[in-house]
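**Student:** I am attaching a structure below and will ask some questions about it afterwards.
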């Protein structure tokens, strides 16, 4: 224990460095630097500021996405598309729809989001509530369904043998 205390006391502690006044004067912008910045046209300044705004907007969107679905801090939103979720139907409950283009009463219209390790869905209809998070490591098979309509449909089967069908709109 004494050796540990002795070794830690020999080095300087972080942040204990003393800064002299002459060093801080070198760090401050000079009148020449300020004049050069002010002389830039507003379009140049906007070009510099715009990526910062976009970056901050993306950070905010990622943070809201993580908070809403309770995802780890390492997750970032990669893609987001409007979709219709068709829950798995049992053999007895299957009834043909009157019109093939209209969604059935059990369909959920919402937003399908993809991050690095998760697939999320959120229903946007006021009368219906459905949200789920599907870890990508549980997805065993993804198939494109061929239908008569122009809708792009995906069928996902997980390790737990649950089937998820999405009609992608965008």
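Residue numbers (the UniProt record's numbering): 1 to 170.
Glycine is no exception: its CB is placed at the ideal position from the N, C-alpha and C atoms.
Taking contact to mean 3 or more Cβ pairs, one atom from each stretch, closer than 8 Å, check whether the segment 112-127 and the segment 68-84 are in contact.
**Tutor:** With a cut-off of 8 Å, the segment 68-84 and the segment 112-127 count as touching, because enough Cβ pairs lie within range.
**Student:** Residue range of the beta strand (DSSP E) that residue 127 falls in?
**Tutor:** Segment: none, residue 127 is in no beta strand (DSSP E) and carries neither H nor E.
**Student:** Based on the DSSP secondary-structure assignment, which residues constitute the bridge partners of residue 110?
**Tutor:** Answer by DSSP bridge pairing, in chain order: 83 and 123.
**Student:** From the DSSP secondary-structure annotation, give me the bridge partner or partners of residue 156.
**Tutor:** 142 and 164, per the DSSP bridge assignment.
**Student:** Determine the contact status of residue 133 and residue 118, defining contact as a CB-CB distance below 8 Å.
**Tutor:** Yes.
**Student:** Less than 8 Å between the beta carbons of residue 153 and residue 163, yes or no?
**Tutor:** No; because the gap between Cβ atoms is not below 8 Å, this pair is not in contact.
**Student:** Hey, quick one: how far does the beta strand (DSSP E) through residue 40 stretch, first residue to last?
**Tutor:** First-last for residue 40: undefined, no H or E at that position.
**Student:** Can you say whether residue 92 is buried or exposed, counting buried as having 16 or more other CB atoms within 10 angstroms of its CB?
**Tutor:** Below a pLDDT of 50, predicted positions are generally treated as unreliable, and residue 92, at 44, falls in that range; the measurement from the model is reported next regardless. Label assigned to residue 92: exposed.
**Student:** I believe residue 88 touches residue 108 by the beta-carbon criterion, under 8 Å. Please report the beta-carbon distance rounded to the nearest angstrom.
**Tutor:** Between residue 108 and residue 88 the Cβ distance is about 12 Å, and since that is not below 8 Å, they are no contact.
**Student:** DSSP three-state label for residue 76, please.
**Tutor:** Here residue 76 sits in coil by DSSP.
**Student:** Thinking C-alpha only, which one of 106, 145, 32 and 120 is nearest residue 128?
**Tutor:** Answer by Cα proximity: 106.
**Student:** With respect to the beta strand (DSSP E) encompassing residue 131, which residues constitute its N-terminal and C-terminal limits?
**Tutor:** Counting along the chain, the beta strand (DSSP E) containing residue 131 begins and ends at 131-135.
**Student:** What distance in whole Å lies between the Cβ atoms of residue 84 and residue 167, which are believed to be in contact at a cut-off of 8 Å?
**Tutor:** The pair is a contact, with the Cβ atoms about 4 Å apart (cut-off 8 Å).
**Student:** How should residue 173 be labelled, buried or exposed, when 16 other C-beta atoms within 10 angstroms of its C-beta is the threshold for buried?
**Tutor:** One cannot answer for residue 173 here, as it falls past the ends of the chain, which runs 1 to 170.
**Student:** Once you ignore the five residues that flank residue 70 on each side, which residues in its own chain have a CB closer than 8 Å to its CB?
**Tutor:** Result list for residue 70: 133, in chain order.
**Student:** Distance check for residue 52 and residue 61, CA to CA, integer angstroms please.
**Tutor:** Cα to Cα, residue 61 sits roughly 14 Å from residue 52.
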